[in-house]
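One structure below.
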Ligand SMILES: [Zn+2]
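In our numbering, the protein residues as written are 88 to 184.
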């Protein structure tokens, strides 16, 4: 788990927060793809089941080369999150950061 204070410390600078390096790191064990919350800046790995659920919400398919992508959500359940969970999911290419 990443330290929340550390994440909050860089939330004000999205460019630093969303550096490619973060997404290019190996995924945690049993994680399928990474999810970034634009509400609080949390980045975490989720399971295949979780990813498919989010993909349905966002109305897209997870591409076979999923290593090149991450999911972005507009809010999550964390107490530190500025936004509550929304049915808003985007598939983003790491290369485009
Ligand atoms: Zn959040």
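Quick reminder that beta carbons are idealized off the backbone N, C-alpha and C, glycines included. Quick caveat, the model's predicted, so the values are computed rather than measured.
Using beta-carbon positions only, say whether residue 114 and residue 184 come within less than 9 Å of one another. Working through the chain shown from its first residue, we reach residue 114 at position 27. Working through the chain shown from its first residue, we reach residue 184 at position 97. No.
Bridge partners of residue 124, per DSSP? Walking along the chain shown from the start, residue 124 turns up at place 37. 160.
Between which two residues does the alpha helix (DSSP H) harbouring residue 200 extend? The structure shown does not extend to residue 200, since the chain spans only 88 to 184, so no value can be given for it.
Classification of residue 92 by the beta-carbon crowding that lies within 10 angstroms, buried from 16 upward: Start at 1 with the first residue of the chain shown, and residue 92 comes out as number 5. Only weak support exists for where residue 92 lies, its pLDDT of 48 falling under 50; the value from the coordinates is given anyway. Answer is exposed; the Cβ neighbour count stays below 16.
Express the C-alpha separation of residue 181 and residue 132 in angstroms, rounding to a whole number. Your numbering for residue 132 matches position 45 in the chain shown. Your numbering for residue 181 matches position 94 in the chain shown. Approximately 14 Å, taken between the alpha carbons.
When you measure from the CB of residue 169 to every non-hydrogen atom of ligand 1, does any distance come out below 8 Å? As a position in the chain shown, residue 169 is number 82, starting the count at 1. The closest heavy atom of ligand 1 lies less than 8 Å from the beta carbon of residue 169.
Which one or two residues does DSSP pair with residue 178 in a beta bridge? Counted from its first residue, the chain shown places residue 178 at position 91. In the DSSP assignment, residue 178 forms a beta bridge with 158.
According to DSSP, is residue 109 helix, strand or coil? The count along the chain shown starts at 1 and reaches residue 109 at position 22. Helix at residue 109.
Would the beta-carbon of residue 127 fall within 9 Å of that of residue 155? Start at 1 with the first residue of the chain shown, and residue 127 comes out as number 40. Start at 1 with the first residue of the chain shown, and residue 155 comes out as number 68. No, these two residues do not count as a Cβ contact at 9 Å.
With which residues is residue 130 paired in a DSSP beta bridge? Along the chain shown, read from residue 1 onward, the residue named residue 130 stands at position 43. Answer is 123.
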